[in-house]
Every structure is written in C-alpha cells, then in structure tokens.
Amino acid sequence: MSHWGAFTPAVDARGEVVSARGSELDPAPSPLLGNLVGSLRHRLRVASPMVRRGWLERGPGPDPRRGDEAFVAVGWDEVLDRLSAELRRVYGGRGPEAVFGGSYGWSSAGRFHHAQGQVHRFLNSLGGYVASVNTYSAGTSEVLLPHVLGAGPEILRSLTSWPLLAAHTELMVCFGGVPAKNTAVAPGGVTRHDTDGHLRAMAARGAEFVLIGPDRRDLPAHLPSRWLPARPGTDTALMLALCHVLVTENLHDAAFVASHCTGLDRVLPYLTGASDGVPKSPRWAAALCGVEADEITALARAMASRRTMVTVTFSLQRAEFGEQPIWAGVLLAALIGQIGLPGGGFGHGYGSVGDNGFPAHKSPLPTLPQGVNPVREYIPVARIADMLLDPGGAYEYNGERRRYPEIELVYWCGGNPFHHHQHLARLREAWRRPSTVVVHEQYWTPAAQHADIVLPATVTLERDDIGSSRTDPFLTAMRACAAPYELARDDYATFSDLAAILGTEKAYTEGRSAAEWLRHLYDGWRDGRPVPDFDAFWAAGRVDVAVPAPSILLADFRRDPAGHPLATPSGRIELHSEVVASYRYADCPGHPAWLEPEEWHGSARAARYPLVLLANNPASRLHSQLDFGPHSAASKVDGREPVRIHPLDAGRRGLSDGDLVRVFNDRGACVGGVVVDPDIAAGVVQMATGSWLSPVAGVEPLLCSAGNVNVLTRDTGSSRLSQGCAGSRALVEIERWPGEPPAIAADEDR
Ligand code: PGD
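Counting from 1 along the sequence shown, just add 291 to a position and that's the residue number in the working numbering.
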C-alpha cells in the first residue's frame, strides 16, 4: 500500500522494484506507481548513518554551515552513542520544551511504521516535546470552521458522499475545480480510485459544472462545464457578488437562514454597501476578478434555481486571508438554502485529496498509541521559521497571544520541510539556529541535507506493516519483499535502541518487536468484529472493513436544528461570528469580507512581478516523494520543473516550449522549463511543488536550479486567526535563462 494506491510490486534478484501493478480492484490505478520503479536501490538512498562534519568536529551549536557542509559516514553504535548523549544533554538541561518534535509530513503508508507516530511516541517516552498543530494542507479551515460550522477536521471528513452527488446534484460550482491530480493520493492509501467514476456518473445524470479558477485543468475535461477564469485570489469578491445578487433579487432562502443561521443582519449591510459605501455588486466584483458582471448575475440565478453544490478546494485557503473564500463559500451556500440536502449545500476539498467525499469509518483503525506529551507549548505548523528565528517572540493565534519557545534540538521523521515550507531562504537561515538537527530519512532529500545527524530509514517494501486509511474499505497486509538497503533500519528499530540507551525502552517498546506490534494492533482492532485472525488476514493479503453508509454534510442539523445543534456558540451556522469579531483581527474580521492580498494582480508588487504563480500540488509525484522516479522525471523539462504559461505571456517574453527560464521575485529564484499552454489564464503561471531544492552556491537570494517553487512563496500566516500555510500563490516575473543554466545538485549522484 502506498498513499497513491494498493499495488503488487515485482522485485528482481538485486532487490529492486522493476514494476508496480495497481490492485485488481482499482478502476483507475495511479500513474504515480511508476515512481516506485528503481526506488529501492537508488543512488539517492541513505546508505549509512551520516554526521555533518562540523557537528562531528565542533559539537552541537548554531551553525551557518548547516546545509552546505559535507557529511561523514559513522557506524550505528557510534551514532547512537553520540545522539543519545546529545538527547541527554538537552533533556537534562532545558528539558523537553527545548525539543521540537512537530515533525510534520506525510511519511509512508502503514499503520505501525508511521514515522511521525514513531517519533512522537519516542520523544514522549523521554518527557515530551514542542508539538505542532494543524496541517499544511487545510490548516486555515481547521481553525476557521469550528467558529462557523462548529467542527473543523470532522467536517472536512464528512462531506456529502459522491454517490449522493451523482444522484441529486444538478449544478456543481467548483471554486478551484475538482483537480483530478490530487485524487490519486489519500493519507494512508486508497485501494479503489473512484472519484472520476462518480464525476462521470454525475455528468451522465445531467449535472453541469462551473469551474472558477485560473487553470482549466483543475476540472476533468470530459465533464460538461463552463470555465470562468477568475483572477487568482479574487474568489471571495466573486462569491460576495453572487450573494449580493441573491439578496437584492430576493432569491435567497430567507426561511433557512432564519431557522439555521445567525449573523446575516451583520453581513447584509456589508453586502449592500450600507456599512462601507461599496455594494458588493457584480460590477464591483467584475473589476476585481475579471469575470463579466452579467455572467456573475446569471450564475447566481442558476444556483438559486437548481440543486447546487458549492465546493471550494483546499488550495484557496492555503493563501493570505485564506479564511475568506471558505467563509464566503458557506455564506453563499447558506443563502441558497440547500445545506444538509442531498447533492446540495457546501463542500470543501472535493478533489483536494483522494478520500474526500467518501464516508469515514466510524470506529478507529489499528493505531500505535503515542503516549502522553506533558509539554503544553506548541506552534501552528507553518510558523516553524518564525519560531526558530524569534524565540520568545509574541504572536497571535485563534484569539490567544502566545510566545514562541526557544528550541535547541529539532527531531524530524517522515517529512520534508525544505519541500513543504515557504520562502526557503528564510527557512535555511532559521534552520541554522538550533544546536542540533536530527533527521531519519530514506533518501538524500533536502531535509536530510540540512541535518546534522541523518539516520537511514527503511522504505515500506522493506518492512511488514498494515495498510489502511480513514475511508479505504480494506485492511491490507503490507508484506516486506526486499531486504533493507545497506545499513538502513526501521525507524522503530532505531528508536528502540536509543530508548534502551536512554533507559526508556520499556515505555517505548512495551517489550514488543515490530512483528509483535502488528499482531497486537490487529488483535486490538479485531476485538468484537467478525473478521479473520491475524494469520488468516496476513495469508489472504487483505480483509474487508465495513463501509459506512453515504452521508450528507449537516443533514441531521438541517432536519432538526434544535435537536442537533452545531457546536458553535449559537448552535447555528455563524455567518457572522461574535467570537471571531471579538479578536479584532483586521486580517480576519467577524464575517467574510474582501481583503486585498499582497500576492495578487492588483497589488503594488505586481508592477515588478506581474505574473501570479500558482504553486500547487504536483501531478507526477506525491509532494516531494520519489521526485527522482521515472514518472516524475518524465514530467520535467530538461530536468527542471515545468512552468505552464499562457501563449500571450510567453509571446511577450519571447519564450517557447522547452526554453529554460529564471522564475524570480525578491525572495529568490528558480530554473523552470517552459510549457506554453492556453489552459492557463493569461497573467498566471503554474509550477508544482515538490522538485527537490538544489541551491546554487554563492547566489543570493536563494537560487534553485531544479525548480523548487517554495523559494518564491511568502512565509506568512494566512491570518492571525489560523496562522495557516499561505504558499499557494506568489507574484513572480519570468525571463529566458541567459546561456547555460546551473547544474542540478542531485544529478551528480543520479
Ligand atoms: P513529502 O514530500 O510527502 O512532503 O509536505 P511533506 O513534508 O509531507 O515528505 C515526506 C518525507 O518523508 C519524504 O522525504 C520521504 O522520503 C520521507 N519518508 C517517507 N516514509 C518514511 C519513513 O517511513 N521513515 C522516514 N524516516 N522517512 C520517511 C507536504 C505538504 O506540503 C502538504 S501536505 C501540503 S498540502 C502543502 N502544499 C503546498 C502547496 O500547495 N504550495 C506550496 N507552496 N507549498 C506547499 N507545501 C505543503
């Protein structure tokens, strides 16, 4: 099982994957499986424990050379001795409050060898760690939605199910689309890729789609659709104008709003312009978003007259003021009055991850307990660089005034911050502040390259595990099919040895080997279920998990708002939130509002950097994983990340297909390869995340020769409310690369 699908690998005598065949149960196996070919014995695997020369010779301490210095191979015994001594020093000195173990990342599928779970359990056995909260994926919504709908992650997991959309939806208005590329992946894995089948079923029943966004490819081309290429970052203005039409033409469902919502009286004066002199009319929005006013009016009327699902992708909230398009989407759906009806209402993240729109299992999956973390300090996940650069510094988060802790040791397992974070020059500076950075990695990723101690980890095909996810209808036996590469070890084995040296072995292992843990976790899950025992499961390869019935988001609440109130202060949908308003955040007021972001066409910055870059999730790999794999490599232009550009913008710059270009702003630059494409709106370029950072020595600001877009994105919270990741857009300029472009660092090893 991988995050991108169940598969059967063929492994040759050298222990290398030569093919990976998707499950026979999968109607649409993901091409990402191709990246597994050649991945087990690849030159970029970490072969032995490695220590940065400076750390080995000069000992722990902040170091401007971290990330630039060579590593020295050391034996397991030596590295475990040195690392345990360092952990003893830090825990015995400033204690667990000085250890950052947030360790964000997708790591690999598998319930037991889940790297993040393992590192948390290990650090908890030592006394705890500073954690991180929320995700890079949907961190803004995770904080906002409890204020508006009374639940965050739970809401995101209980969307109206695809079969109900197929049976009832007449119009699906998709802000950000339903991007097929993202549906290939789901955390923990997916046996059947069904999303496209459901979309086809919707179309076959006569549903129509409206794609609102700058990239035509964000909605499958086979669907009957209309494309409104609104300027990036202006969806809120467009939504407010749709609301304006609904209320001024009396098309809104006043009865639903009266019985199920609160706060429209506070929003109405803003919509009509009574409070600020600016009616949020279609004409007003057209000037901002570039969609004709008549088109907006017609769309609002159509939405009010048909069973309409309003859906907003996660990417829209991964931006400055990212709360606004989500809250405005709820407002729009509330005015239409179909929230809680089959096929209508509000959706968030259809197409953002493969499991959205599939009902989640009610009972827990086999899960390794992580112990108790007594440390109360935490950070919103995307504030990592702020924390390292500004220990003791004050910041605001969801109504609290907090201070950043002072971190001495960073421990990372199963994530790649030099992929997922923004403004990587700033992160590099921040990363040099702690005394010690430890990374367990399978490959020489940029995260490994920026560590002091790198411990080689096995990959899933080298260890037994149990695969499952919150919606997958199976538990999958993930049987090892190759020996560990060189000196690589399971994260569990490494932590068990460290725990033994540090005297916490009993708490960490509970006396179980990895094999015994699998049995233990399975037996605990099996208790009371009519499923085979562990041996029979392991021999069969999978076992069925009862599939929950299709669900309708907020159906119970719609039926009986008093009996099933939302967990908001009013028990209703909060179109205006007194709580949020009481925080007095100009960047997230008490109701949805149009706030001009910095990274958009209308800002002063756009005079210097006129193109809006969409820095979104890639189609050819999961995040940065297996970037060297054949499928990812085939997507590149001369080894660089492709940059899609409209013919008009390409023509103005004298660019054609295959040209290498410098994509730049004042935060940094990267090399991209031009793909001229009319499917991307004029004035916009698209470049996916996930190309491994390849810094060119001596160039300031940071230049990445491989095309890592996060050198260009801005490291700011979406707002003071959620402090979410705001990396999905950045203003840039593009010019032809003059002469020979710089080499890609990892190529020398490939
Ligand atoms: P991955 O590339 O999946 O990225 O960020 P994330 O850090 O999750 O990194 C996982 C790492 O874990 C890989 O390096 C892999 O080798 C390692 N690994 C896998 N299995 C194991 C294991 O068993 N043991 C150990 N020790 N290591 C392992 C993803 C994040 O990026 C996400 S979720 C999103 S949605 C964000 N999206 C954007 C975006 O849209 N735009 C921008 N600009 N930036 C983003 N960043 C975010």
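Backbone N, C-alpha and C fix where the C-beta goes; we use that ideal spot for every residue, glycine too.
With a threshold of 16 other beta carbon atoms within 10 Å, Asp824 falls short and is exposed. Where Asn689 is concerned, there is no enclosing beta strand (DSSP E), because DSSP gives it neither an H nor an E.
About 32 Å separates the beta carbons of Pro839 and Gly325, which is beyond the 8 Å limit, so they are not a contact pair. In chain order, Leu371, Asp372 and Ser375 place their CB closer than 8 Å to the CB of Ile792, counting only its own chain and leaving out the 5 sequence neighbours on each side. In this structure Arg770 is exposed. Its beta-carbon is surrounded by fewer than 16 other beta-carbon atoms within 10 angstroms.
With contact defined as three or more Cβ pairs closer than 8 Å, the segment 686-696 and the segment 1004-1018 are in contact. Distance from the CA of Arg724 to the CA of His714, rounded to the nearest whole angstrom, comes to 17 Å. Non-local C-beta neighbours of Ala610 in its own chain, meaning closer than 6 Å and more than five positions away in sequence, comprise Ala1017, Ser1019 and Arg1020, ordered along the chain. When Cys534, Gly862 and Leu331 are compared, the shortest CA-CA separation from Gly306 is found for Leu331. DSSP lists no bridge partner for Gln629. Under the DSSP definition of a beta bridge, Thr727 partners with Leu700. DSSP places Phe765 inside the beta strand (DSSP E), whose first and last residues are Phe765 to Met769. Between Asn425 and Pro616, the beta carbon gap of about 18 Å keeps them out of contact (Cβ cut-off 8 Å). Inclusion of Val1023 and Leu1003 in the CB contact set at 8 Å is warranted, their separation being smaller than that value. Pro387 and Thr800 have their C-alpha atoms roughly 20 Å apart. With distances taken between CA atoms, Met600 lies nearest to Gly635 out of Arg592, Gly635 and Val569. Short note on Arg609: C-beta closer than 7 Å to some heavy atom of the ligand PGD. Ranking Gln608, Leu951, Ser760 and Ala319 by CA distance to the CA of Ala1034 puts Leu951 first. Gly345: member of the alpha helix (DSSP H) spanning Arg344 to Arg349, first to last residue. Apart from sequence neighbours up to five positions away, the residues of its chain that approach Gly881 with a beta-carbon distance below 6 Å are His867, Ser868, Val871 and Ala872, ordered along the chain. For Ala477 and Ser760, the gap between their C-alpha atoms comes out near 8 Å. By alpha-carbon distance to Leu809, the top candidate from Ile698, Asp851, Asn707 and Leu656 is Leu656. Between the ligand PGD and Ala716, a heavy atom-to-CB distance of less than 7 Å is absent.
Ser432 has its CB no nearer than 7 Å to any heavy atom of the ligand PGD.
Within the segment 942-968, the complete beta strand (DSSP E) segments of 3 residues or longer fall at 951-956 and 959-967, listed in chain order. Where Trp518 is concerned, there is no enclosing alpha helix (DSSP H), although the beta strand (DSSP E) around it starts and stops at Ser516 to Leu519.
In the structure shown, Phe612 adopts coil according to DSSP, grouped into three states. With a cutoff of 8 Å on beta-carbon distance, Val363 and Arg344 are scored as near each other. If the five residues before and after Arg863 are omitted, its C-beta is found closer than 8 Å to the C-beta atoms of His551, Cys552, Thr553, Pro852, Pro856 and Leu857, all from its own chain and listed in chain order.
Closer than 7 Å to some heavy atom of the ligand PGD: that does not describe the Cβ of Ala997.
For Tyr734 against Leu327, the beta-carbon gap comes to about 13 Å, at or over 8 Å, which does not count as contact.
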